[in-house]
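Presented below is the structure to which this report refers.
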Amino acid sequence: MAEAFRAALARAAEDSQALLRERLAAHDLPVARAMEHAVTGGKGLRGFLVLEGAALHGVDRAAALRPAAGIEALHAYSLVHDDLPAMDDDELRRGRPTVHVAWDEATAILAGDALQSLAFELCADPGVGPHRADLCLSLARASGIAGMVGGQARDIMAESAAEPLDLERITELQQGKTGALIRWSAEAGPVMAGADPSAMGRYATALGLAFQIADDILDVEGDAAKMGKAVRKDAGAGKATFVSLLGLDAARARAAELVEAACDALAPYGEGAATLRDAARFVIARES
């Protein structure tokens, strides 16, 4: 992983989490501490994409940090709810107890709800600039029934389907569940600048799919200690994945092809997008 990318990713995560902690510090409630727990740790990839896309389009970093922290809050909400007993029933996330284990289910539900609200509050902040309404509208679409929630609903339905999903349906599912927020993150910078987001959108579409294939591979081969969560759950649940449909070698090859497609999509930005190219390579080289 290139040094410049490693440093940019770490800084993005640190700055996003610092802003989120600052917003939560004034609230002396257990749910606020649960929210802090949920946003702490993690790679911060989505916030990084917001900040890098903003920098490419001349957007001030302080303005871009609000939606960067916002997307991390929204992603954290999705994980808190995904971990609940009614969903995946996970006890470990990022190497620590999940929110409903560390507190209780009611607090976890409320923490997730509040993190979602905080995401939109941050994106709608006047400091974001004149295009904040566009950011909020696109985030609502990316996170709702047409995006992440719709993808998660399809995933739940697939668990009880008479036949496993085929490759086309798995791809459609993951473009909502995982890909929609990654695409929003990459497009946020040009949206803030009032620029055409299509190149960043193509980059993110390929990146998001590569990310999910890598997740499926890690579920088969990953180390639970390094990943900070349970592994081999998909096979145990009988779920169709890119690995179960393609096999490990073909899944790796497909992920590598998608990374190249992501890098090619950044051609209009030249060497200015080198760190984003490294990000694409990172998603299939990571161990967590």
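Sequential numbering from 1 applies to the sequence shown in the working numbering. Note that the Cβ used here is the ideal one computed from N, Cα and C, for glycine as well.
- Task: Inspect the CB distances between the stretch 64-78 and the stretch 7-22 and report whether three or more fall short of 8 Å.
- Result: Taking 8 Å as the limit for Cβ pairs, the verdict is that the stretch 7-22 does touch the stretch 64-78.
- Message: Tell me which residue opens and which closes the alpha helix (DSSP H) that E287 is part of.
- Response: Careful: E287 lies outside any alpha helix (DSSP H) and carries neither H nor E.
- Task: Rounded to whole angstroms, what's the CA-CA distance from V39 to G144? Just pull it up for me.
- Result: Looking at the backbone, the Cα of V39 and that of G144 are separated by about 20 Å.
- Query: In the stretch 35-98, which residue ranges form an unbroken alpha helix (DSSP H) of at least 4 residues, counting only runs that do not cross its ends?
  - Reply: As far as the stretch 35-98 is concerned, its whole alpha helix (DSSP H) runs of at least 4 residues are 45-56 and 61-82.
- Query: With 16 other CB atoms within 10 Å as the buried threshold, where does E156 fall?
  - Reply: Note that residue 156 is Ile in the sequence shown here, rather than Glu. So I156 ends up on the exposed side.
- Mark A255 as exposed unless 16 or more other C-beta atoms lie within 10 angstroms of its C-beta, in which case mark it buried. Buried: at least 16 other Cβ atoms inside 10 Å.
- Would you mind working out which of P85, G112 and L110 sits nearest V101, comparing C-alpha positions? Among P85, G112 and L110, the Cα nearest to that of V101 is on P85.
- Tell me whether G247 sits in a helix, a strand or coil according to DSSP, three-state version. Three-state DSSP puts G247 in coil, outside helix and strand.
- Query: From R202 to V191, what does the alpha carbon distance come to, in whole angstroms?
  - Reply: Going by the C-alpha atoms only, they are around 14 Å apart.
- Taking buried to mean at least 16 other C-beta atoms within 10 Å of its own C-beta, is S117 buried or exposed? Around the beta carbon of S117, fewer than 16 other beta carbons lie within 10 angstroms, which makes this residue exposed.
- Message: Less than 6 Å between C-beta atoms, sequence neighbours within five positions excluded: which residues of the same chain meet that for G242?
- Response: Checking the displayed sequence, the identity of residue 242 turns out to be Phe instead of Gly. Result list for F242: I213, D216 and A251, in chain order.
- Option nearest P126 by Cα separation, candidates A63, A25 and R33: The residue with the shortest Cα to Cα distance from P126 is A63.
- Query: What is the rounded straight-line gap between the Cα of R277 and the Cα of S185?
  - Reply: Straight-line Cα distance between these residues: approximately 15 Å.
- Cα separation between A13 and E159? In this structure, the CA atom of A13 is about 33 Å from the CA atom of E159.
- Task: Identify, in the order they occur along the chain, each residue of the same chain with its Cβ nearer than 6 Å to the Cβ of G42, setting aside the five sequence neighbours on each side.
- Result: Around G42: R94.
- Message: The alpha helix (DSSP H) that contains I156, what's its start and end?
- Response: Here the alpha helix (DSSP H) through I156 covers M148 to E159.
- Do you know offhand how far T205's Cα is from A188's? Answer to the nearest angstrom: the Cα atoms are 14 Å apart.
- Message: Please report the distance separating the alpha-carbon of S16 from that of A8.
- Response: Going from the Cα of S16 to the Cα of A8 covers about 12 Å.
- Starting from the Cα of I182, find the closest Cα among L245, L209 and G194 and give me that residue. Out of L245, L209 and G194, L209 has the C-alpha closest to the C-alpha of I182.
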